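Residues in the sequence shown are numbered from 1 upward in steps of one, following the numbering used here.
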Amino acid sequence: MLSRLTRPQAVAVCAVPVVALVATAAFAPLPFSVAQPGMTANVLGENKGTPVITVSGAPTRRTSGQLRMTTIEATGPDARVSLGDVFGNWFRSDRAVMPRDSVYPSGGDVKEIEKHNTAQMRQSQDAATQAALKYLHLSAGKVKVTLRLADVGGPSAGLLFTLGIVDKLDGDGSGGDLTGGRTIAGTGTIDAAGKVGAVGGVALKTQAARRDGARVFLVPKAECADARSNLPEGLRLVPVTTLRSAVDSLVALEKGKGAVPSC
């Protein structure tokens, strides 16, 4: 014979598995990473006592101002991110909850991911050198550029590397600095033809830039909307699509002449 449960008893019985599921979800690892503003580095200067850009085979110029590449710091690819971590960071302006696959390539262990990021950085440096020398009409066979930036992986420093090479070799083309003595920050990939690409994490990178003294931030045009979200006070966004557009905007800022685009 079957017995019938009262409504309160039925609710209590049904609530048990629901509570168990919620408790399990709260502590189970989820496929997310939590990111925050990371370090920045002046590509015209030194990083950990080593010049970021070294040029041989052509005269270089003394520069003023700074060109700061920006980064984000994210929980590691093997870190356990729980539902509590997601909820705790979701509404913070200085944090971002991102799909892990958008931060790290899927299917690899920590060593494989580090190897991948190192390879991306190396490719980015090669492309930055090619783009800068092509822009300046210099031969890669005569001019050698060495780029060193410790503990940073991925391709997002490409644009700033390129601008740093241009500034060290040619400045604004008429004896001045690309920076105009300012602290300029930015992000963006670059290819050998000088095309600038999107990178992700720009809302956090703008915060890192302003924290470290930047007043101008170069951002891939396609990411203007992301860069405007939680934009720090006193930081001016300048959208770029190519190396040429980035140089033109910096020269216009320096000389106070010409149009400077904005997001």
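We treat Cβ as the ideally placed atom computed from N, Cα and C, and that holds for glycine. Since the model is a prediction, treat every value here as computed from it, not as a measurement.
Using the three-state DSSP reduction, which class does A259 fall into: helix, strand or coil? Mapped onto the sequence shown, residue 259 falls at position 259. Coil.
Which residues in the same chain have their Cβ closer than 7 Å to the Cβ of L253, if we skip the five residues on either side of it in sequence? Mapped onto the sequence shown, residue 253 falls at position 253. Residues G180, V216 and V260 of the same chain have their beta carbon placed closer than 7 Å to that of L253, with the five preceding and five following residues left out of the count.
Below 8 Å CB to CB, which residues in the same chain sit around L21 once its five sequence neighbours on both sides are set aside? Taking the sequence shown and counting its residues from 1, one reaches residue 21 at position 21. Residue placement at L21 is poorly supported in this model, since its pLDDT is 34, which falls under 50; the coordinates still yield a value, given next. In its chain, beyond the 5 residues on either side, no residue has a beta carbon closer than 8 Å to the beta carbon of L21.
Take S33 and list the residues in its own chain whose beta-carbon comes closer than 6 Å to its own, dropping the five residues that flank it on each side. Mapped onto the sequence shown, residue 33 falls at position 33. Here the set comprises A74, T75, M98, R100 and V103.
Burial state of T54 (16 or more Cβ within 10 Å): For the purposes of this step, residue 54 is taken as the residue at position 54 of the sequence shown. Counting the other Cβ atoms within 10 Å of the Cβ of T54 gives fewer than 16, which makes it exposed.
From this set, L133, I113, R122 and G84, which residue's C-alpha is nearest A150's C-alpha? Working through the sequence shown from its first residue, we reach residue 150 at position 150. Among L133, I113, R122 and G84, the Cα nearest to that of A150 belongs to R122.
Quick one: what does DSSP say G171 is sitting in, helix, strand or coil? Numbered from its first residue, the sequence shown carries residue 171 at position 171. G171 falls in the coil class under three-state DSSP.
Between the beta-carbon of A203 and the beta-carbon of A96, is there less than 8 Å? Here residue 203 refers to the residue found at position 203 of the sequence shown. Here residue 96 refers to the residue found at position 96 of the sequence shown. Yes, Cβ-Cβ distance for A203 and A96 is below 8 Å.
Sorted by chain position, which residues of the same chain lie with C-beta nearer than 6 Å to I184's C-beta, five sequence neighbours on each side aside? Locating residue 184 in the sequence shown gives position 184, counting from the first residue. These residues qualify, in order along the chain: L67 and V216.
Among C263, V240, T60 and K205, which has the Cα closest to the Cα of L159? Mapped onto the sequence shown, residue 159 falls at position 159. Ranked by how close their Cα comes to the Cα of L159, the residues C263, V240, T60 and K205 have V240 in first place.
Nearest residue (CA-CA) to A214, options L235, L44 and G154: By one-based count along the sequence shown, residue 214 stands at place 214. Out of L235, L44 and G154, L235 has the C-alpha closest to the C-alpha of A214.
Nearest by alpha-carbon distance to A222: which of V199, R244 and P232 is it? Position 222 of the sequence shown, counting from 1, holds the residue named residue 222. If we check each option's Cα against that of A222, V199 comes out closest.
Can you confirm whether the region 44-61 touches the region 79-86 when touching is taken to mean that 3 or more C-beta pairs between the two stretches lie within less than 8 Å? no
Going along the chain, which residues of its own chain have a beta-carbon closer than 6 Å to the beta-carbon of P155, five neighbours each way excluded? Along the sequence shown, read from residue 1 onward, the residue named residue 155 stands at position 155. Only Q120, S124 and T189 meet the Cβ criterion.
V247 to L178, Cα distance in whole Å? Position 247 of the sequence shown holds residue 247. Position 178 of the sequence shown holds residue 178. V247 and L178: Cα-Cα distance of roughly 7 Å.
Under the three-state reduction of DSSP, which class applies to R210: helix, strand or coil? Taking the sequence shown and counting its residues from 1, the one referred to as residue 210 is at position 210. Here R210 sits in helix by DSSP.
With burial defined as no fewer than 16 other Cβ atoms inside 10 Å of the residue's Cβ, what is the status of R182: buried or exposed? If you number the sequence shown from 1, residue 182 lands on position 182. The residue in question, R182, is buried, as its Cβ has 16 or more Cβ neighbours within 10 Å.
Return yes when the Cβ of T63 is within less than 8 Å of the Cβ of V152, no when it is not. In the sequence shown, counting from the first residue as 1, residue 152 sits at position 152. In the sequence shown, counting from the first residue as 1, residue 63 sits at position 63. Cβ distance not < 8 Å, so V152 and T63 don't count as in contact.
Helix, strand or coil at A157 according to DSSP, with G and I counted as helix: Locating residue 157 in the sequence shown gives position 157, where the first residue counts as 1. Three-state result, A157: coil.
So, are the CB atoms of K168 and R61 less than 8 Å apart? Translated into the one-based positions of the sequence shown, residue 168 becomes position 168. Translated into the one-based positions of the sequence shown, residue 61 becomes position 61. Their beta carbons are under 8 Å apart, which means K168 touches R61 by this criterion.
As assigned by DSSP and simplified to three states, the class of S33: For the purposes of this step, residue 33 is taken as residue 33 along the sequence shown, with counting starting at 1. Strand at S33.
Under the rule that 16 or more other beta-carbon atoms within 10 Å means buried, what is P37, buried or exposed? Here the question's residue 37 lines up with position 37 in the sequence shown. P37 is buried by the Cβ-count criterion.
Given S139, which residues of its chain have a CB within under 8 Å of its CB, disregarding the five upstream and five downstream residues? For the purposes of this step, residue 139 is taken as residue 139 along the sequence shown, with counting starting at 1. Here the set comprises L133.
How long is the line joining the alpha carbons of T24 and N89, rounded to whole angstroms? In the sequence shown, residue 24 corresponds to position 24, counting from 1. In the sequence shown, residue 89 corresponds to position 89, counting from 1. Note that T24 has pLDDT 42, beneath the 50 cutoff, so the model's placement of it is unreliable and no number is given.
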